[in-house]
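What follows is a single structure, written as structure tokens, with notes after it.
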Amino acid sequence: MADKENHTNGVADEDKPARFGSYNVHSSAAKVEGKIYKDYLHLDGLLSNVDMMSAVNLKPVHDEHLFIIIHQTYELWFKQIIWEMDSVRRTLNVDVVGERSMLTILQRMNRVALIWKICVEQFAVLETMTPLDFMEFRGFLAPGSGFQSLQFRIIENKLGQKMENRVNQHTIIQSFQDPDSQSQLQVSLTEPSLCDLVIRWLERTPGLEEDGFNFPQRYAAAVRRYLADEEAVLQTEEDPEQRKSAEAEWKKQVETFDVLVNERAYNVERQLNKRRMTYKAFMGALMVSCYSSQERFHLPHQFLTILMDIDSLMTKWRYNHVMLAQRMLGSKTGTGGSSGYLYLRSTISDRYKVFLDLFNISSFIIPRHYIPPLTDHMSSQLSAHETLRLSVSDAK
Ligand code: HEM
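Using the numbering used here, you'd call the opening residue of the sequence shown number 4 and step up by one each time.
Structure representation (structure tokens):
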């Protein structure tokens, strides 16, 4: 959670060595020759990489050009998303995330969300192709398939998509046969995902401590008050039909809230894979939502909102993609061997949402006037004044 900067365990993003994955980053000391536009961007290589398979029979199909360019554009955006996500994961992978780091995280994750927005919209360009045009070159594509988009899988893994939640676990592993792809995939599965890091960060939310503000206990008491008041209101309902349905609604609420006020019930749901976050992290997220107007929770609240935006946008991406696939293929099978439309449709479900817990927080929100008031100590801990004080001492 946001606090003073930590330079001991974690290394600030800016202090990382000048080499990132397969990229060389020039040190400021090295003398770098200026380059003209096309050389700087390696345009000769980039733009000569449109290799139309339909050209083999000397009759290139016009729309195959668009098909290739669109896929390449997506892969470039995927590369940028991975670049941003890696930097955010590094910045979050410390014991204490400072306010300054939090701003960087927000800026980069917001950028990822905006890229996904473009990716969602971009399908419209490919929709200008007709199924008949597609049929003209589709035969050349097999065994190539979107299943083999390594970067797409890496994004899912680095976000925290779990293998066991996927419909097609077997095919995913089979799709990547070369050792380099396999090792990249493996790394993306074993490193802490963004979701893992967000969970650790939320567990440190100030105010959760049992010997301090103890938000879980206060919230549970507030829920009990709220449910008791609701029950009292429904007892006054005179119409038997209305009362019956109000009682049913109330019982449902009691069951829902049981998961929150009863850690054991929560953990049972977690074992059943219905919840991803630990109880403590979930409580942290709930606390941030309840007190989002407190200065020190502004940025964390925005961060949680952006994580949900990204989940929503990826679901929209899957939806637009499946619509496109249905429009082009109808019920035909995919070149990667899946059932095509039916398979893709099954991926637009909640099991593919990495931050589903954050969406579910709304089930546990109670009316504002029931939310436990902050103590003076807690209130000052969450004020900007306190943040400033921490930053000043930090600078000494
Ligand atoms: C004519 C356009 C397209 C059609 C008909 C189509 C069709 C399909 C089908 C049927 C699959 C399931 C796997 C298979 O059996 O092959 C698939 C998967 C996939 N496609 Fe496409 N696709 C199209 C365009 C695109 C574009 C532009 C992208 C951008 C990168 C893309 C990325 C993917 C990815 C990442 C998967 C794996 C999805 C998953 O397993 O969750 N596809 N596509």
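A virtual CB, placed ideally from N, CA and C, is assigned to each residue, including glycine.
From a predicted model like this one, the values you see are computed outputs, not experimental measurements.
The three-state secondary structure of G101, taken from DSSP, is strand. Sequence-distant Cβ neighbours of F216 in its own chain, meaning closer than 7 angstroms and more than five residues away, are G210, T378, M381. In the DSSP annotation of this structure, the continuous segment of the alpha helix (DSSP H) that includes D360 starts and ends at 359 to 363.
DSSP places D314 in the helix class (H, G or I) of the three-state scheme. With fewer than 16 other beta carbons inside 10 angstroms of its own, A127 counts as exposed. If you ignore the 5 residues before and after R227, its C-beta comes within less than 8 angstroms of the C-beta of V264, all in its own chain and listed in chain order. If you check the CB distance, K335 and G343 come in under 8 angstroms.
Taking a contact as a CB-CB distance under 8 angstroms, the pair L237 and Q256 does not count as one, their CB atoms being some 11 angstroms apart. Residues of the same chain with their beta carbon placed closer than 6 angstroms to that of D232 are lacking, with the five preceding and five following residues left out of the count.
Note on geometry: alpha-carbon atoms of S184 and I39 lie some 33 angstroms from one another.
For G337, the shortest separation between its Cβ and any heavy atom of ligand 1 lies below 7 angstroms. In this structure the region 80 to 89 does not lie against the region 274 to 281, because fewer than three pairs of beta carbons, one per stretch, are closer than 8 angstroms. When the beta-carbon positions are compared, D360 and F300 stay at least 8 angstroms from each other. Around the Cβ of K161, a 10 Å sphere holds 16 or more other Cβ atoms; the residue is buried. At a cut-off of 4 residues, the continuous stretches assigned as alpha helix (DSSP H) that sit fully inside the region 274 to 362 are 282 to 293, 298 to 332, 344 to 349.
Contact between the region 116 to 124 and the region 144 to 156 is absent: fewer than three C-beta pairs spanning the two stretches fall below 8 angstroms. A distance of 8 angstroms or more separates the beta carbons of I368 and Y322. Contact annotation: L302 and E102 have beta-carbon atoms nearer than 8 angstroms. Unbroken beta strand (DSSP E) runs of no fewer than 3 residues, entirely contained in the region 195 to 220, are not found.
Rounded to whole angstroms, the Cβ separation of E240 and A251 is 12 angstroms, and the two are not in contact under 8 angstroms. For H45, no alpha helix (DSSP H) encloses it, and the DSSP letter there is neither H nor E. Listed in chain order, the alpha helix (DSSP H) elements of length 4 or more contained wholly in the region 56 to 100 are 65 to 95. Within the same chain, C122, V123 come within 6 angstroms of W320 by CB-CB distance, once the 5 residues on both sides are set aside. Counting C-beta pairs with one atom in each stretch, the region 195 to 213 and the region 158 to 178 have three or more that are closer than 8 angstroms, which means they touch.
The beta carbon of A328 lies closer than 8 angstroms to those of G337, G343, Y344, L347 in the same chain, with the five residues before and after it left out. Annotation: the continuous alpha helix (DSSP H) that includes R156 extends over 153 to 162. M138 sits in a helix when the DSSP states are folded into three classes.
Annotated three-state conformation of L377 is coil, per DSSP.
Cβ contact annotation for S349 (same chain, cutoff 6 angstroms, sequence separation greater than five): V170, in chain order.
Secondary structure of M112 (DSSP, three-state): helix.
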